[in-house]
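Reviewing the structure listed below.
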Amino acid sequence: MLNWELYNDGDLLWLGDWSLPWLIALAILGVLVIGISAYDLRSMPGRRRWTLVALRGAVYAFAVGLLLEPAVDLKHVTKVKNDVAVLVDTSRTMELRTVEGGTRFERVGEALKAFESTVEQRGSEHEFHFYGYDGELQSSSRGALAEADADGNASNLTGALEKVSEEFKSSDLGGVVVISDGIDTGSIGQRVPPGETLDEATRQLLASLEAPVNTVAAATDDGIKDVAIAEVRHDDFAFVHNKVSIEVTVQVVGMGETSFPVQLRRRGELLQTRTVEVKPEKRRYDLTFEFVPKEIGKEIYSVSAPEFSGEALLTNNLSHFLQNVIRDKIRVLQVVGQPSWDERFLRRFLKENSNVDLISFFILRTSSNVNLVTPDELSLIPFPTRELFEQELGSFDLVIFQNFNFGPYNVARYLPEIAKYVKDGGGFAMIGGDKSFASGGYADTPIEDILPVELPSSRQPSAVINLEDFRPELTDAGRRHPITQLAFDPEANRKIWDSLPKLRGTNVVAGPKPGATVLARHPTLRRAGGKMPVLTISNAGDGRVMALTSDSTWRWGFENVGQGGTPREYSVFWNSAIRWLIKDPELKLIQVDIPEENYAPGSSLKANVRLSKPDYRPARNVDGRLEMSYRPFESLENRNEAGDASATPTMRGSASAERKANDIQRTFTTDHEGRHSASLPVEAPGIYRVTARTETEAGQLEDSDITLSTADVEELRQIVPRDDLLDAMARATDGTFSVLPNFDPSDLVFDASERVEINRRKVIHLWDSVVVFGIILVLLAVEWTLRRQWGRL
Amino acid sequence: MDRRQFLAGLGLSGLGLAIPSSLRALGDSSDVTIGRLNYGAAGWDVRDSGIRRLLQEVEKRTSVSVNPDYPTLTLQQEALFEHPMVAMFGDRGFDPLPVDRLKRLRTYLQSGGFLVVDSSEGVRNGPFFQSVKRDLSRIFPDRDLAPIGGDHVTHKAFYLIDEPVGRLSISDSMLGISDGDRLLAVVSQNDIFGALARDNFGNWEYDVRPGGEQQREMAFRLGINLVMYALCVNYKADQVHVPFILKRRKWKVD
Chain S
1137 MLNWELYNDG DLLWLGDWSL PWLIALAILG VLVIGISAYD LRSMPGRRRW TLVALRGAVY
1197 AFAVGLLLEP AVDLKHVTKV KNDVAVLVDT SRTMELRTVE GGTRFERVGE ALKAFESTVE
1257 QRGSEHEFHF YGYDGELQSS SRGALAEADA DGNASNLTGA LEKVSEEFKS SDLGGVVVIS
1317 DGIDTGSIGQ RVPPGETLDE ATRQLLASLE APVNTVAAAT DDGIKDVAIA EVRHDDFAFV
1377 HNKVSIEVTV QVVGMGETSF PVQLRRRGEL LQTRTVEVKP EKRRYDLTFE FVPKEIGKEI
1437 YSVSAPEFSG EALLTNNLSH FLQNVIRDKI RVLQVVGQPS WDERFLRRFL KENSNVDLIS
1497 FFILRTSSNV NLVTPDELSL IPFPTRELFE QELGSFDLVI FQNFNFGPYN VARYLPEIAK
1557 YVKDGGGFAM IGGDKSFASG GYADTPIEDI LPVELPSSRQ PSAVINLEDF RPELTDAGRR
1617 HPITQLAFDP EANRKIWDSL PKLRGTNVVA GPKPGATVLA RHPTLRRAGG KMPVLTISNA
1677 GDGRVMALTS DSTWRWGFEN VGQGGTPREY SVFWNSAIRW LIKDPELKLI QVDIPEENYA
1737 PGSSLKANVR LSKPDYRPAR NVDGRLEMSY RPFESLENRN EAGDASATPT MRGSASAERK
1797 ANDIQRTFTT DHEGRHSASL PVEAPGIYRV TARTETEAGQ LEDSDITLST ADVEELRQIV
1857 PRDDLLDAMA RATDGTFSVL PNFDPSDLVF DASERVEINR RKVIHLWDSV VVFGIILVLL
1917 AVEWTLRRQW GRL
Chain G
143 MDRRQFLAGL GLSGLGLAIP SSLRALGDSS DVTIGRLNYG AAGWDVRDSG IRRLLQEVEK
203 RTSVSVNPDY PTLTLQQEAL FEHPMVAMFG DRGFDPLPVD RLKRLRTYLQ SGGFLVVDSS
263 EGVRNGPFFQ SVKRDLSRIF PDRDLAPIGG DHVTHKAFYL IDEPVGRLSI SDSMLGISDG
323 DRLLAVVSQN DIFGALARDN FGNWEYDVRP GGEQQREMAF RLGINLVMYA LCVNYKADQV
383 HVPFILKRRK WKVD
């Protein structure tokens, strides 16, 4: 006996394997049977007629039903729950306080508690999956999320939705719930600015979920007040003497109509200020800072906006970054008073150096020369003094005056510019000749101020030129200095200098200036109580200057070859001289390199030390000291106005203590490659400088490198709630949108489950039954009987 | 730039500083001169006054300080390497130069020396020219003696020159052997120095054909250009690049 209680669902099945044409044929046949029958009985009264037709039709219908083999598919089914993904934003902005009080995440906690009843009520239809998301989507539980800390450094809502779409691709996703402040550090947040409609890519992502997205905003932007350096776009590298652009986006909310300055600082020194004119309807302001770095090396920059009372967050008013200023090519300006072999060989050396961009200007004709032709027949061009010495001077790394007298060419007016260029960090070399030094008229000019030698005041030929051939003598400094080190071994170096072709004549100088370093001197000429300097160097302000009183160093390259030597000595000398003049860091015997520009607090930085001997071979097994000093960012704010890097900032008490706590000193020993790598702990945000010191045969060596440690506040660059984005997402998917604390979980919209599970099933064949045959026979019998009674047989 | 600045820029204004006339470079050895090459075969010493006249014209017309007392140099002499420019003359063929001398000449040229070969034969592809071509190919077997085009720096080193004429105008172009963009040797068959040669009384030693005195002037200009090329190499080729180079680096904030 069939127990109907075991089944709660059923379907009628047709088991006969009849094709559609046959079914149509049967239907037509049925119509014909009934039609003919009705026509045949047309003379009978209406009731009798239609009774007989109905009986005939019923018989036909049952007969056809037998052919179609009907069956009942009885089932006991239970519905399968579909999935609902609940995404909870756990990024750091969720810890910000709302205008009404309490943090955004505290509101989320309340909402999750309210969710409990919904889970119970709708738990039979939906399986709720809870996730927390910041930079990544992480599976969690309602209870765990309610108790969690919002400390994520990103809020990648886009990534979270993509992950959900992928994870539930083969499942029946009934709905999504997003509980967030709406800030998306992923691509949707960037593609859809505040107040704008969703773009196509976002719509496609939402459509791929195939479920309503219910959004719950933890806060709105009503009443919030904040100024943020939202984004700083800069290259990691910049080229010295090349314009650098820093693009800054400032986000301003709730400030009304006002204006405020945004400042760019380098090592605390104010570089530039831009003013933001705030309009109430506009939130994002793009600013561009442009400047020209003058020195190579790493520099710390900061972009800051003022702090206003009532701001939701102050840490996002400041942004630090590091930029490494490097050299592209060495730009050399060679100015020559007259063509000569000395000029020719120096020019050839510079032109063949692929690292040098050379601009040469030679005076090919003077007023004393005979002029027999029109300018059209000459290839001469005007001497572009203004372009070179005023407009473009700052673009050069090194200026060489080679036997150049400034007087006839109106260059006197530019001499102060050239001196300033050097004091600001440029390189300058004066090479001898009858148009150089005192005989070039440089006494008592701004150029003499920067030269490392004193010039004689007399202009008598015997006082300014000496024609004797001579071989320069190296001084103690010259024996060690890289410019005059033509060989690694000191004795070999001395022998090379002793064997070089003699120089032919010299400009006479009065002596070295205080602070100047004489590298080579004349063997016989005496000035200022000592042998006259021939090769002298010094710093001039931030720049470097070299004075070479000879115009025949070319002989070290060419004549030396004729004597069986090589041109190497000439090349080494000038290569070293140029590198010294431009302060080439590669000339440093000790180098410290911190490869990364930013380390997270709590991580470790790696510092690489490379130590070379004076001959630039690796200095193996050499002991040294490694120091890491720490300065909190706050120390930059208290710098003196000039921004002097050497100035000791006035430290706040806590910062000073923190500074000492993070300072580290340790010893090191170089390996067989002259290298040492150290791992040093980075505890707190700030500036870390690693300095290596050692003492070698080249004397005390020291080098340092810097890096930054910044708490990752990128998440906090955008703190204004994007409830508009959440609302748009809900609308696009027919979901609901709520703003906490006004949230009723029962309002959430989910799709009903589309899947069932069959627990029991039974198919009953209706046609395979005596009853059915009996019914057909009874119907036929009744029809036959009535026909007899009504006189139709 | 006004006219005055322009003239001053051209170096045409007066010297602002009176340099004593006795001060010429740092002594004679710093002055520019051209060595005359004695290659050890007959005919090396023709056109002996041409160099002096050329140097005197260089002195008169350009800012270069010269020493007109030119030296005669052999390939074996150490002094060869005190003079980065040498001239080689001839009017007849000569036997192949010894290998050791050719090696030294190669070292000289590769180290920065500049050789000007001037044929005074009066015919194209004469025996002297053939001898020079033979020995240059022995020195640089992988380099050809190639025609020097009209756009080469030697045609604009100081004067703008269309044709490289000398006493004669029998060859449309000079020939040269280069190392990269630097000419190591230049060979002329137009007898440039024959056009410049004067006797002790100041008379021109040779007539110039077919252009007469105008052609002689052009020969001087070519000679001056060769000296300027030896001193400045491709400096004139630089000039076209200067605006580009200056603009390429944006070193100022607009």
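Sequence order for the protein chains is S and G.
Take the first sequence: its letter number 263 is residue 1399 in this note's numbering, and every next letter is one higher.
Take the second sequence: its letter number 202 is residue 344 in this note's numbering, and every next letter is one higher.
Ideal placement from N, C-alpha and C gives every residue a C-beta, glycine not left out.
Ignore the nearest five residues each way along the sequence and tell me which others in residue i's own chain have a CB closer than 6 Å to its CB.
{"i": "P1608/S", "result": "A1656 and V1670"}
{"i": "L197/G", "result": "V208 and P210"}
{"i": "V188/G", "result": "F231, D233 and S262"}
Here's a check: name, in chain order, each residue in its chain whose Cβ is nearer than 8 Å to the Cβ of residue i, leaving out the five neighbours to either side.
{"i": "A1975/S", "result": "Lying outside 1137 to 1929, the shown extent of chain S, residue 1975/S is not represented and no answer is given."}
{"i": "V1414/S", "result": "V1388, M1391, G1392, E1393, T1394, S1395, F1396 and Y1421"}
{"i": "F271/G", "result": "S261, E263, V329 and Q331"}
{"i": "T1263/S", "result": "Correcting the residue type first, residue 1263/S is Glu in the shown sequence and not Thr. Here the set comprises K1217, N1218, D1219 and V1220."}
{"i": "V226/G", "result": "At residue 226/G the sequence reads Pro, which differs from the Val that was named. G254, G255, F256 and A372."}
{"i": "S1840/S", "result": "V1728, R1825, V1826, T1827 and A1828"}
Taking the Cβ atom as the reference point for each residue, do residue i and residue j lie within a distance shorter than 9 Å?
{"i": "R1228/S", "j": "A1354/S", "result": "no"}
{"i": "L244/G", "j": "R280/G", "result": "yes"}
{"i": "D327/G", "j": "L278/G", "result": "It should be pointed out that residue 327/G corresponds to Ala in this sequence rather than to Asp. Their beta carbons are under 9 Å apart, which means A327/G touches L278/G by this criterion."}
{"i": "Q1459/S", "j": "F1373/S", "result": "yes"}
{"i": "T1869/S", "j": "A1296/S", "result": "no"}
{"i": "G1268/S", "j": "A1284/S", "result": "yes"}
{"i": "V1697/S", "j": "T175/G", "result": "no"}
{"i": "S311/G", "j": "P352/G", "result": "yes"}
{"i": "I318/G", "j": "I290/G", "result": "The sequence shown places Gly at residue 318/G, not Ile. In this structure, I290/G lies closer than 9 Å to G318/G by Cβ."}
{"i": "E1590/S", "j": "L1661/S", "result": "no"}
My output table needs one value for residue i: the three-state DSSP class, helix, strand or coil.
{"i": "K1749/S", "result": "coil"}
{"i": "E1405/S", "result": "strand"}
{"i": "G1182/S", "result": "helix"}
{"i": "L1156/S", "result": "helix"}
{"i": "S1889/S", "result": "coil"}
{"i": "Q1596/S", "result": "coil"}
{"i": "L217/G", "result": "coil"}
{"i": "T1521/S", "result": "helix"}
{"i": "L1148/S", "result": "strand"}
{"i": "L1516/S", "result": "coil"}
{"i": "A183/G", "result": "coil"}
{"i": "T1843/S", "result": "strand"}
{"i": "N1452/S", "result": "helix"}
{"i": "A1791/S", "result": "Below a pLDDT of 50, predicted positions are generally treated as unreliable, and A1791/S, at 47, falls in that range; the measurement from the model is reported next regardless. Looking at A1791/S - three-state DSSP - the assignment turns out to be helix."}
{"i": "Y1269/S", "result": "strand"}
{"i": "T1321/S", "result": "coil"}
{"i": "S1276/S", "result": "strand"}
Between which residues of its own chain and residue i is the CB-CB distance below 7 Å, once the five residues before and five after are set aside?
{"i": "A398/G", "result": "Past the boundaries of the shown model lies residue 398/G; chain G is included only from 143 to 396, so the question cannot be answered."}
{"i": "P1416/S", "result": "G1392 and E1393"}
{"i": "L1232/S", "result": "T1239, R1240, A1448, L1449 and I1855"}
When you measure from the CB of residue i to every non-hydrogen atom of the ligand MN, does any distance come out below 8 Å?
{"i": "R1811/S", "result": "Of ligands this structure carries none, so the ligand MN is not represented either."}
Along the region 274 to 300 of chain G, what residues have a CB closer than 8 Å to any CB found in chain S?
K298, A299 and F300
For the region 357 to 385 of chain G, which residues have a beta carbon sitting closer than 7 Å to at least one beta carbon of chain S?
M370, L373, C374, V375, Y377, K378, D380, Q381 and V384
Using a Cβ-Cβ cutoff of 9 Å, what residues of the region 192 to 208 of chain G are near chain S? List them in chain order.
E199, E201, K202, R203, T204, S205, V206 and S207
For the region 173 to 189 of chain G, enumerate the residues whose C-beta is nearer than 9 Å to any C-beta of chain S, in chain order.
D173 and V174
Pair every Cβ in the region 1494 to 1505 of chain S with every Cβ in the region 202 to 209 of chain G, then say whether three or more of these pairs are closer than 8 Å.
yes
Could you list the residues in the region 213 to 236 of chain G with a C-beta less than 7 Å from some C-beta on chain S, going in chain order?
E220, L222, F223, E224 and P226
Does the structure place the region 1243 to 1257 of chain S close enough to the region 1324 to 1332 of chain S that three or more beta carbon pairs sit under 8 Å?
no
Which residues, in chain order, does the region 246 to 272 of chain G contribute to contact with chain S at a C-beta distance below 7 Å?
T249, S253 and G254
Contact between the region 1527 to 1537 of chain S and the region 1638 to 1654 of chain S (3+ Cβ pairs under 8 Å)
no
Is the number of C-beta pairs between the region 1429 to 1444 of chain S and the region 1361 to 1375 of chain S that are closer than 8 Å three or more?
yes
For the region 307 to 325 of chain G, list every residue whose C-beta sits within 7 Å of some C-beta in chain S, in sequence order.
none
Just by C-beta distance, which residues in the region 1708 to 1724 of chain S are closer than 7 Å to chain G?
none
Could you say if the region 1563 to 1572 of chain S and the region 1468 to 1486 of chain S meet the contact criterion of at least three C-beta pairs nearer than 8 Å?
yes
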